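These notes are about the structure you will find just below.
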Amino acid sequence: MKKPLTVAYFTMEIGLSGDIPTYAGGLGMLAADIMRSATDLKVPAACITMCWQHGYMRQTINPDGTQMYEESSWNPADKMKLLPERISVTVEGREVVVAAWEYQLKSGKHIVPIYFLDTNLPENDQADRDITKYLYGGDGFMRLKQETVLGIGGVRMLRKLGYNDIKTFHMNEGHAAFLTLELLKERDFKDEDVKKSCAFTTHTPVKAGHDAFDYDMAYKVVGDMLPWHIKKLAGEDRLSMTHLAMHLSRYTCGVSKIHGVVSNDMFPGEGIDYITNGIHHPTWATPEMQALFDEHIPGWKEDPSLLRKNYHDLPDNELWEAHMVAKKRLLAHVKYQTGETLDENVLTIASARRVVSYKRPELLYTNLLRLKEVCGGRVQIIHSGNAHPADPFGQDVIKRMIARSKELRDALHVVYVPNYNPELAKLLVSGADVWLNTPTRLHEASGTSGMKACTNGVLNLSTLDGWWIEGYEIDSEAGWRIGPLAGALPEAEENLKVDAEDLYTQLQYEVIPEYYHPTHVRWIRRMKRSISLVGAFNTHRAVQEYLKKAWDL
Ligand SMILES: *Cc1c(COP(=O)(O)O)cnc(C)c1O
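For the sequence shown, our numbering gives the first residue as 679, with consecutive numbering after it.
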């Protein structure tokens, strides 16, 4: 019998470090930061996730702009311990054996174990060994098998490991919703008894992004684990993982205030709350920033709200110097990766994220004449980001980016750094002067990279969406907004032109003049205010909110 848990946190992906590539993007990065804060705050917690052989893929970009992906191979045995316990789940009528690897997050004597479920075992057929091969790979059948292992297998593994007293089973996104099927079975199919111990976070503001399966397919894979009233719980026409999770949770939330509103519009009557995402501040601040905070804002690691209270105490020159160290580190990396020499005295804008259309990766290039007029000789730009190998939109964007950076060469230095990963993210969110983010409004659930920028005194220049609506509301001097205030929603096309024009205007009249002011006085004031926002947008605060509203009831 293991110690009681306040929360068992189920997540399809987790991004603990670059050499454990069991993540694809933001969802996994967030899961890791939440677990780190849960550890620091000594929350009795455990995490259930999957031991992907190939999660994150390594991107290289050819000179013509085409990209290639290499499967990252790694050996779990180098990073964690294989536990002797085995459980099984039934998929398509076959017994599939599941093992777990344990990785430990530690703070003093407190340990939060991360259990990575694995079907790649000699006992299983090759087809079943491949269930934990590709994160988000394969067809609907494969996805159902993976979600069966995560949800049903996860609960069984926890029980097998001796966790018989778990207050809350948390579903980080709908992928984990099958955990409710195992709990229903444990509790005589009493919905109310399951609901008492489940909580759910939805991350997707777009309807098509929510997992749903044909019932025929679901019955083939999951079989009699589906209860008689599954359609009442998960939808009449298709099995919606979001509906299943919501209907068997006592608490459901989105990941920012605006995302809460959008989610309630998408699922009327479900009473969806919100807990705005955060970042694990000690993970994302550079060593130089950490030293500066240790000296001038002691206690900031344990209590990040001190960053909000005491940001005035940071000395201007030391802050600027700490930033310049990070900037030089980034430019050295850019040189190493691309051969391009950027200038440390030139205003540097970075924009890096998954290449998908709603993030509008080319907004800055809407009007090249205007871009050259405003930024020529005064700005250098660093892009990074992976496109899904099967996504033609993303492939084309990267090609155009590469071609354009050649065309613009004489006016403006634009570089594309391949292989966006947490290590590169750390360099970019600390070494840039400005962090540019241009999502179509209401499409960004939260976003967290801008918060990482704040921890390092980098200034956000972003459309008002996701977390930045709240950040900008707390302090509009901490960065800049692009386009109208939240609430106004012009048509997408018009929106694009309006936003692009506003972006050039902000750069021309605010960002560039303030940066090149001889003493950087306004800039440094903004840097401090950007740092102060981390007082609100950190995962210590998010975990405390989860405890109060969702986990420790
Ligand atoms: C933080 C992070 C993300 C998520 O950031 P967004 O704001 O959603 O773009 C994605 N990938 C990596 C590598 C990150 O570090």
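Glycine is no exception: its CB is placed at the ideal position from the N, C-alpha and C atoms.
These numbers were taken from a predicted model, which means no experiment stands behind them.
| Query | Result |
| --- | --- |
| Kindly indicate the opening and closing residues of the beta strand (DSSP E) around M746. | 745-749 |
| Cβ of Y1098 within 7 Å of any heavy atom in ligand 1? | yes |
| Should A1110 be listed as close to ligand 1, given that the test is whether its C-beta is under 7 Å from any heavy atom? | no |
| In the DSSP assignment, what are the bridge partners of T846? | V685 |
| With the cut-off set at 8 Å, would you say S1062 and L1009 are in Cβ contact? | no |
| Assuming I1209 and D994 are in contact, meaning their beta carbons sit under 8 Å apart, how far apart are those beta carbons, in whole angstroms? | Wrong, their Cβ atoms sit about 13 Å apart, outside the cutoff. |
| Give me whichever residues DSSP pairs with A890 in a beta bridge. | S918 |
| Can you look up D803 in the DSSP assignment and give me helix, strand or coil? | coil |
| What are the residues that DSSP puts in a beta bridge with S785? | H788 |
| For ligand 1, any of its heavy atoms closer than 7 Å to the Cβ of A686? | no |
| Using only the heavy atoms of ligand 1, determine whether one of them is closer than 7 Å to the beta carbon of R1031. | yes |
| Output needed for T1116: all residues of its chain with C-beta closer than 6 Å, excluding positions within five of it in sequence on either side, in chain order. | R1038, L1041, T1141 |
| CB L861 to CB V827, shorter than 8 Å? | no |
| Hey, is the region 793-809 in contact with the region 768-780, meaning 3+ C-beta pairs nearer than 8 Å? | yes |
| Which partner residues of S624 appear in the DSSP bridge assignment? | A question about residue 624 goes unanswered here, because the residues of the chain that appear run from 679 up to 1231. |
| Among K838, T846, P722, T1016, which has the Cα closest to the Cα of K628? | Summary: the structure shown does not reach residue 628, with the chain confined to residues 679 through 1231, and so no result is reported for it. |
| Roughly how many whole angstroms lie between the Cα atoms of M1079 and Q745? | 12 Å |
| For W998, which residues from the same chain have a beta carbon less than 7 Å from its beta carbon, with the 5 sequence-adjacent residues on both sides left out? | H1198, I1202 |
| What beta strand (DSSP E) runs, 3 residues minimum, are completely inside the region 990-1035? | 1025-1030 |
| Counting C-beta neighbours from all protein chains within 10 Å, is the total for D711 16 or more, i.e. buried, or is it exposed? | buried |
| Which residue comes first and which comes last in the alpha helix (DSSP H) that contains V1107? | 1100-1109 |
| Under 8 Å, do F688 and N850 count as touching if we go by C-beta distance? | yes |
| DSSP on W1229, reduced to helix/strand/coil? | helix |
| Just to confirm, is the Cβ distance from E1022 to K1006 under 8 Å? | yes |
| Check for me: the alpha helix (DSSP H) holding V872 runs from which residue to which? | 869-873 |
| With respect to the beta strand (DSSP E) encompassing M735, which residues constitute its N-terminal and C-terminal limits? | 735-739 |
| Leaving out five residues before and five after Y1194 in sequence, what residues of the same chain have Cβ atoms less than 8 Å from its Cβ? | L1025, R1056 |
| Specify the secondary structure class of I975 as computed by DSSP and reduced to three states. | coil |
| Assuming A1065 is part of the alpha helix (DSSP H), what are its boundary residues? | That residue, A1065, is in no alpha helix (DSSP H); it is neither H nor E in DSSP. |
| Would DSSP call N1216 helix, strand or coil? | strand |
| For V671, list the residues DSSP reports as bridge partners. | With the chain running from 679 to 1231 in the structure shown, residue 671 is simply not present. |
| By the three-class DSSP mapping on this structure, what secondary structure does L760 have? | strand |
| Distance, Cα to Cα, A877 vs Y929? | 5 Å |
| Could you give the distance in angstroms between the alpha-carbon of A896 and the alpha-carbon of D1069? | 26 Å |
| Can you tell me whether DSSP reads C729 as helix, strand or coil? | coil |
| Taking 7 Å as the cut-off, does the CB of R1127 come closer than this to any heavy atom belonging to ligand 1? | According to the sequence as given, residue 1127 is Ser; it is not Arg. Yes, Cβ of S1127 sits closer than 7 Å to a heavy atom of ligand 1. |
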